[in-house]
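Report on the following structure.
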Amino acid sequence: LPHLAAAEGHRGAVVNIGSVNGLTGLGSHAYSAAKAALGSLTRTLAVEAGERGVRVNLVAPGTVRTRNWDGREADLAAMARDAYPLGRIGEPDDVAAAVAFLASADAAWITGVTLPVDGGLTISNLGWTRRDRGRDQN
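Per UniProt numbering, residue 1 is the first one in the sequence shown, and the count goes up by one each step.
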């Protein structure tokens, strides 16, 4: 942060990468607690660094297709169909676009926020899947 703040005439931006696990009760307790702590750190740094013109934000991705999922495409499709309102899991480019936006001048008035990049996962009822919704409509 000191280097960002010291760049005369330039405003800096920090974009931390968290997880939806820090916003919900999903996943292991240690991982979720660490991601929630990163959200708190982001907000605290945004206050501290703001007076020097440095913005600090957090992107919280949901499930993103990575090499860890190679060979498990059926698992991904089922997860996306059942849990994500947009019906798919994220791609690395989805997260990259959010980071690029928050780092850009287009986000010059945004600081201290957590941006879920999760296809709607955190706004849906996590115990109620898309499959369940279809049953209620019959």
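Backbone N, C-alpha and C define an ideal beta-carbon position, used for all residues, glycine too. From a predicted model like this one, the values you see are computed outputs, not experimental measurements.
| Item | Value |
| --- | --- |
| 7 Å Cβ shell around N21 - same chain, five flanking residues per side excluded | G27, Y31, S32 and K35 |
| For P61 and G25, believed in contact at Cβ under 8 Å, the rounded distance | That pair is no contact at about 17 Å. |
| R72 to G53 span [Cα, whole Å] | 44 Å |
| Three or more C-beta pairs below 8 Å linking the segment 38-48 and the segment 109-119 | yes |
| Nearest neighbour of L1, chosen from G39, V47 and L23 [CA to CA] | V47 |
| For L86, the first and last residue of its enclosing alpha helix (DSSP H) | Per DSSP, L86 belongs to no alpha helix (DSSP H) and is neither H nor E. |
| Where the alpha helix (DSSP H) containing T114 begins and where it ends | Segment T114 to V117 is the beta strand (DSSP E) holding T114; no alpha helix (DSSP H) there. |
| For A108, three-class secondary structure by DSSP | coil |
| Whole-Å CB distance - V59 paired with V99, under 8 Å assumed | 6 Å |
| CB contact flag (A97, L121, <8 Å) | no |
| Helix, strand or coil at R52 according to DSSP, with G and I counted as helix | coil |
| Residue 161 versus R65 - alpha carbon distance | In the structure as shown, the chain begins at 1 and stops at 138. Residue 161 is therefore absent and cannot be evaluated. |
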